[in-house]
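Heads up: the protein sequence lines correspond to chains A and B, in order.
Each residue of the first sequence is one higher than the last, beginning at 1 in this note's numbering.
Each residue of the second sequence is one higher than the last, beginning at 359 in this note's numbering.
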Amino acid sequence: MDIKMKKTKPNAEQLLYLEQSFNAIRDEVISDLGERDAKHIHKIIRIQRSCEISGRILIMFGFNPIPWALGALLLGLSKILETMEIGHNVMHGQYDWMNDPNINSKTYDWDTACPGESWKETHNHEHHTYTNILGKDRDYGYDLLRLTHKEKWHPANLFQIVYYGLLSVFFQWGVALHELNFGGILKGEVSLKEKKPFLKQFGRKGARQIFKDYVFFPLIAGPFFLQVLLGNIVANLIRNLWTSTIIFCGHFPEEVETFSIEECENETKGHWYYRQMLGSANFNGGKLLHTLSGNLSFQVEHHLFPDLPAHRYAEISPKVQKIAKELGIPYHTGSFFKQYSGVVKRILVHSLPEPKTA
Amino acid sequence: MSNIQNNNTWLHKAYTEFSMALVNNANLKSYAEPLIQPLFPLWSANDYRAQVKQVRSESQNCYTLVLKPTKKWPGFLPGQFVELHVIKNGAKVSRCFSISSAPEQYTQFGTIELTIRAQDNGRITPWLKQALNEASTVGLSAAQGDFIIKDRSRPILMIAGGSGITPFRSYLHSHLHSQVMIEPTQEASLFYYARNQDEHLFEQELNSISDGNKHVTTYLISTAEMGHFSLEQLQQQCPDYRNYDIYICGPNSMIKDVNKVLLNTQVNEKNIFIERFGPAPVDFSKLDKAGTVNFSQSNKSAELGSHSNLLDLAENIGMQPESGCRMGICHKCSCRKQSGVVYNTLTNSYSDTGQEDIQLCISVPVGEVIIEL
């Protein structure tokens, strides 16, 4: 928990060493980028499209529950791959060096309700630059959950485990509306008027997603309208629950720390690296788990190097850990179960006010 | 680049919207491309594709690619160029090359030829010769460029330097075959400059063309012996040059010199047509990291001066490019570089010379750079 004693902060010299060491890791990967990475993303894209096409066919023509369920699962799997290992990573610019307009952060838009443009602003820019700075990184608790004693308690926090459940079920819509800054609007800090361009973008993208999964494919199924509609709802639900779980495991496990705006004023790249390490958490698992999480199971490495192809994180992880150990900087990791139960615990603990200490 | 016509009919708009809704891409075919292309390498959603038929050496450092484009490719006129797209180490690279063969060869055999000089410091041109073989497929743009015969009823004078002979080879072959080029009774004269005799490409071919056609004359001039282009040479071989349309293709320094000589002798500027090569490879050891930038869409240009990167520079001259973290991580300020070299301050490396996306906040122009902004 964040009440525990913070380790002593590295001094300027150590931060410089951190900066140089991490830059060197980055340079090594950059100079090695090539066919292997292109092959990887092409392979994932082929698997994703095969899953999507076969999933949609099975949902439509699987005339009994087993093939139908398999279809929904395949479509869900395709959506998970598309959101995590393809969409999220491509939109970070991890494959921009390939110079391929279909795998490029400028043009790519993903299969979720969140407009790509909006995501690049709220996630790539705000969240990745100001990671876990309270008051600047709205990803921290999504204006909905209180996850640290540094934030004031409100009676509405009592039920935040319910909000968390609902957010997970409708995760793509929660992510899509993130830019709206509902909290800011309620507090009167942001006017609805200035959010108009975003709302237009959101309306367009949301409508497209609804059209695809809940109108077009059910309609062309004719008499099987309902089974297709239901299959698509299930597939979206699978994806929403999974991505929400992964994202929460990245920044909200118990040991992850937060920062104040003052702490990060005029920070060096070394301090930025340091903050990314304290503000993120990994979980371990097999190759399949890593791929399905878009390699965000290496959230620490992702936050250090957001635009390196994510399948490389596993390779550079030992080097990152070695440097962290040298400098005594914590490297947060644990089993998937440990990290996730830490998240749930954190949501529950902070739904209650802290007992007054004498 | 794209073969999808940029029309604004409601049908096209509806298709785009439908495709965006289904696959979040303006073209449904792009969604299928990763599944289809491994099986049918000549199939493509947006590009044209071509099969490599032959890689032929022309001289010590020049070679010709014989390509067979797919049926969809719309053909070309003598003097036009294509963009060749190849994948090198996972990344798509593009280079422009003039077509050195005649359209008649394309109609008859379905093939086109690109004659390429392996540049001394080039990253692509020397590699391309090794990398391509008869089993390769490449991407191809539609033919572009307006270095074509403007007026068929006038005699033409062609001035070529080095590998700048390529569009003229297309002119001359086409002239032999048909009347597309210029009327057969009009004069066509070629002045072809190269350092020495060994560096003249297609020597036999050019000689036999002029031997077989009394209206075509070719002069192969080696600059080591006879010097660069001069008025004396011109007056000697082609005294009524003022009546000609003059077409020039070669290195930029040659174009500059020839143009100056011609304008000084009162040749009408309207009768001079020029084709420039793309940016030459850069010798990185001789560079300093200061350059000039042209922003092509806003029609502004600036020098780096005291600014540390392209983003600062653009903002300083009143532009408002999209930007984000300003430290090279968020890619919000990525935009298209049309040509030129930039130095990446994050990776400490130089970019390619051709078209690609760069991040403004960590890019420093080197020499002349053109940015689509």
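Cβ atoms here follow ideal geometry from the backbone N, Cα and C, with glycine treated the same way.
Just so you know, these numbers come straight off a predicted model, no measurement behind them.
Bridge partners - residue i, DSSP secondary structure assignment
i	result
Cys454/B	Glu441/B
Pro427/B	Ala408/B
Val700/B	Pro723/B
Ser335/A	Asn284/A
Arg414/B	Thr422/B
Ile44/A	Paired residues: none, contrary to the question.
Val496/B	Ala408/B
Tyr389/B	None, per the DSSP bridge assignment.
Thr473/B	Thr422/B
Residue i versus residue j - alpha carbon distance
i	j	result
Asn266/A	Phe259/A	14 angstroms
Val444/B	Leu423/B	13 angstroms
Asp111/A	Val343/A	27 angstroms
Gln141/A	Glu52/A	The question names Gln, yet the displayed sequence has Gly at residue 141/A. Computed Cα separation, rounded: 32 angstroms.
Gly448/B	Gly649/B	29 angstroms
His128/A	Arg146/A	20 angstroms
Pro67/A	Asn236/A	17 angstroms
His586/B	Asn610/B	14 angstroms
Pro318/A	Val169/A	35 angstroms
Lys106/A	Asn601/B	51 angstroms
Phe635/B	Phe434/B	19 angstroms
Phe61/A	Ser54/A	10 angstroms
Ser568/B	Leu621/B	28 angstroms
Tyr389/B	Asn295/A	23 angstroms
Leu559/B	Ile457/B	14 angstroms
Gln624/B	Glu590/B	15 angstroms
Met1/A	Lys345/A	Any reading at Met1/A is ruled out, since the residue's pLDDT is 39, under 50, leaving its predicted position unreliable.
Gly165/A	Leu393/B	37 angstroms
Met91/A	Ala72/A	26 angstroms
Gln655/B	Asp504/B	21 angstroms
CB contact check: residue i to chain B, cutoff 9 angstroms
i	result
Glu179/A	no
Glu315/A	no
Met98/A	yes
Met5/A	Residue confidence is low: Met5/A scores 43 on pLDDT, short of 50, so the model does not pin down where it sits. Its coordinate-derived value is still stated next. With 9 angstroms as the cut-off, Met5/A does not count as an interface residue toward chain B.
Ser50/A	yes
Gln201/A	no
Asp139/A	no
Asn132/A	no
Ser31/A	yes
Gly270/A	no
Asp2/A	For Asp2/A, the predicted structure reports a pLDDT of 42, less than 50, and the residue's modelled location is therefore unreliable. A value from the coordinates is still provided. It does not; no Cβ of chain B falls within 9 angstroms.
Ile329/A	no
Ala38/A	yes
Glu263/A	no
Pro101/A	yes
Chain A contact for residue i (CB, 9 angstroms cutoff)
i	result
Ser580/B	no
Gly682/B	yes
Ile687/B	yes
Met516/B	no
Ser692/B	yes
Leu380/B	yes
Val496/B	no
Lys508/B	no
Lys450/B	yes
Ile729/B	no
Asn571/B	no
Asn652/B	no
Asn383/B	yes
Interface residues of chain C facing residue i [CB-CB closer than 8 angstroms]
i	result
Asn667/B	In the structure shown, chain C cannot be found, because the protein chains are A and B.
Proximity test, residue i beta-carbon vs the ligand ADP heavy atom, cut-off 8 angstroms
i	result
Arg510/B	Judged by which ligands are present, the structure shown has none, so any question about the ligand ADP falls away.
Short-range partners of chain B found in the stretch 143-170 of chain A, where Cβ spacing is below 9 angstroms: Residues: none.
Complete runs of the beta strand (DSSP E) confined to the stretch 610-679 of chain B [at least 3 residues]: Counting only runs of 3 or more, we get 630-634, 649-653, 658-661.
Residue ranges of each alpha helix (DSSP H) within the stretch 189-273 of chain A, 4 or longer: Runs found: 196-210, 217-220, 225-251.
Contact set between the stretch 703-720 of chain B and chain A, restricted to residues whose Cβ is under 7 angstroms from the partner: Against chain A - using a Cβ distance shorter than 7 angstroms - the residues of the stretch 703-720 of chain B are Thr705, Glu714, Asp715.
Whole beta strand (DSSP E) elements within the stretch 548-613 of chain B, 3-residue minimum: Whole beta strand (DSSP E) segments, 3+ residues: 574-580, 603-608.
Residues from the stretch 389-400 of chain B in contact with chain A, defined by Cβ distance under 9 angstroms: Under the 9 angstroms Cβ criterion, the stretch 389-400 of chain B contributes Tyr389, Ala390, Glu391, Pro392, Leu393, Pro396.
Contact residues within the stretch 105-119 of chain A, judged by C-beta distance below 7 angstroms to chain B: Correct list: Ser105, Lys106, Asp109, Trp110, Asp111.
Within the stretch 268-312 of chain A, ranges of the alpha helix (DSSP H) (whole runs, at least 4 residues): Segments of the alpha helix (DSSP H) lying fully in the stretch 268-312 of chain A: 269-278, 287-292, 299-304.
Near-chain A residues of the stretch 471-505 of chain B - C-beta to any C-beta below 8 angstroms: So nothing in the stretch comes that close.
Within 8 angstroms of chain B by C-beta, residues of the stretch 299-310 of chain A in sequence order: Those residues of the stretch 299-310 of chain A that come within reach of chain B (Cβ to Cβ, closer than 8 angstroms) are Pro306, Asp307.
Alpha helix (DSSP H) runs contained entirely in the stretch 71-156 of chain A, provided each spans 4 or more residues: With a minimum length of 4 residues, the continuous alpha helix (DSSP H) runs that stay inside the stretch 71-156 of chain A are 116-119.
Within 7 angstroms of chain A by C-beta, residues of the stretch 431-449 of chain B in sequence order: Listed by position along the chain: Asn447, Gly448, Ala449.
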